[in-house]
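Chemist: Under full-length UniProt numbering, the letters of the sequence shown match residues 1 to 321, in that order. Would you mind keeping the following structure in view while I ask a few things?
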Amino acid sequence: MPKKKTGARKKAENRREREKQIRASRANIDLAKHPCNASMECDKCQRRQKNRAFCYFCNSVQKLPICAQCGKTKCMMKSSDCVIKHAGVYSTGLAMVGAVCDFCEAWVCHGRKCLSTHACICPLADAECIECERGVWDHGGRIFACSFCHNFLCEDDQFEHQASCQVLEAETFKCVSCNRLGQHSCLRCKACFCDDHVRSKVFKQEKGKEPPCPKCGHETQQTKDLSMSTRSLKFGRQTGGEDADGASGYDAYWKNLSSSKAGDAVDREDEYDEYEAEDDDEDDNDEGGKDSGTETTDVFSNLNLGRTYASGYAHYEEPED
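Below, the structure written as structure tokens:
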């Protein structure tokens, strides 16, 4: 029989488990809450933007820079591993900073740990918007991650992208490799996979997680848990392809819409002209019938059939000679 655990051993195991969870939560911090992606208001132009070393709009330096790694605005002499020793109890402003990150364009404090680790683990190292393909240096807004496909999004495209993210690149929910219903969906490849074809020899499934996509390795999700929809080209800017001059998107959509409206108006005018022509033909036929009836009456008007029942005379009313 195994030895019974003592109270001290149980406490030590629980402490190690808590420390492990704390380290994992630090590594998996939300992108919107990371210090290098924090919201900042410029002291000079009063415009809100992402945490930056210099204002994106007026290039001014902030009075209280925020460290991109630890998020502090004040460096204490006793509790930090400062590379630059300062005489006072604490240091703020430009006396606290030690470098500017090339990826997130934010200040990094002069702490040894922040200077040596932030550049390697910066969450905005490859932050390029999946929609407009702009990086951190190309716009002043913050960077977000899509809740479904976990791709980077800028502040301008986040709502539009997430509203149309759960759309498959197919017209059915069937597996891309067979004809069965796809129970697992990859929101990066926009494809469904059945239980057999979701298994991959390249990407291994971790314990307690959904199987990875056999194409890109991104974690799949259950199709029944999503609001997935199939591809539709009836509405929106996808209705019109590229023109001869390369025009596409909303301009081509409105252009095609206006041309289709003009075509419908022309068709309605043609139909109206046809109806008027048919009505004129019917009127001509009616008038022709009246004229022919008048001509027939004129022909038989001079014909004398004698005294008949139609003329109001009967044979017994005829006078005797």
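Ideal Cβ placement from N, Cα and C applies to all residues, glycine included.
(1) Do you know offhand how far A8's Cα is from G93's?
(2) If I measure Cβ to Cβ from G140 and keep anything under 6 Å in the same chain, skipping five residues before and after, which residues do I get?
(3) Looking only at its own chain, which residues have a Cβ that is under 7 Å from the Cβ of residue 325, when we skip the five neighbours before and after it?
(4) In chain order, which alpha helix (DSSP H) runs of at least 4 residues are fully inside the stretch 108 to 176?
(5) From the DSSP output, which residues share a beta bridge with V202?
(6) For K10, collect the residues of the same chain with a Cβ closer than 6 Å to its Cβ; drop the 5 residues on either side in sequence, then sort them by chain order.
(7) Just how far apart, CA to CA, sit C36 and I29?
(8) Return helix, strand or coil for R15, following the three-state DSSP convention.
(9) Taking only the alpha-carbon atoms, compute the straight-line gap between T6 and K20 and give it to the nearest angstrom.
(10) With a threshold of 16 other CB atoms inside 10 Å of the CB of R142, please say whether the residue is buried or exposed.
(11) Need the endpoints of the beta strand (DSSP E) that H184 sits in, please.
(12) Which partner residues does P212 have in the DSSP bridge list?
(13) Which full runs of the beta strand (DSSP E) of 3+ residues lie inside the stretch 71 to 105, going along the chain?
(14) Classify E41 as helix, strand or coil using the three-state DSSP reduction.
(15) Count the other C-beta atoms from every protein chain shown that fall within 10 angstroms of the C-beta of N51, then say buried if there are 16 or more, exposed otherwise.
Modeler: In short, the structure shows the following:
(1) Counted from its first residue, the sequence shown places residue 8 at position 8. Counted from its first residue, the sequence shown places residue 93 at position 93. Those two C-alpha atoms are separated by around 46 Å.
(2) For the purposes of this step, residue 140 is taken as residue 140 along the sequence shown, with counting starting at 1. Within the same chain, G140 has close Cβ partners Q49, Y56.
(3) Only positions 1 to 321 of the chain appear in this structure, which leaves residue 325 out of reach.
(4) 112 to 121, 158 to 163
(5) Taking the first residue of the sequence shown as position 1, residue 202 is located at position 202. Paired residue(s): none; V202 is not in a bridge.
(6) To locate residue 10, count along the sequence shown from 1; it is residue 10. Cβ neighbours of K10 beyond the five flanking positions: none.
(7) Reading the sequence shown from its first residue, position 36 is the one you call residue 36. Reading the sequence shown from its first residue, position 29 is the one you call residue 29. In a straight line, the C-alpha of C36 is about 12 Å away from that of I29.
(8) To locate residue 15, count along the sequence shown from 1; it is residue 15. Helix at R15.
(9) Locating residue 6 in the sequence shown gives position 6, counting from the first residue. Locating residue 20 in the sequence shown gives position 20, counting from the first residue. Between T6 and K20, the C-alpha separation is close to 21 Å.
(10) Here the question's residue 142 lines up with position 142 in the sequence shown. Buried: at least 16 other Cβ atoms inside 10 Å.
(11) Stepping through the sequence shown from its first residue, residue 184 is reached at position 184. 184 to 186 is the span of the beta strand (DSSP E), which, as asked, contains H184.
(12) Residue mapping note: residue 212 aligns to position 212 of the sequence shown, counting from 1. Beta-bridge pairing links P212 to E219.
(13) Fully enclosed beta strand (DSSP E) runs of no fewer than 3 residues occupy 74 to 76, 90 to 92, 97 to 100 of the stretch 71 to 105, in order along the chain.
(14) The sequence position of residue 41 within the sequence shown is 41, counting from 1. In this structure, E41 counts as strand in the three-state DSSP scheme.
(15) Mapped onto the sequence shown, residue 51 falls at position 51. Answer is buried; the Cβ neighbour count reaches 16.
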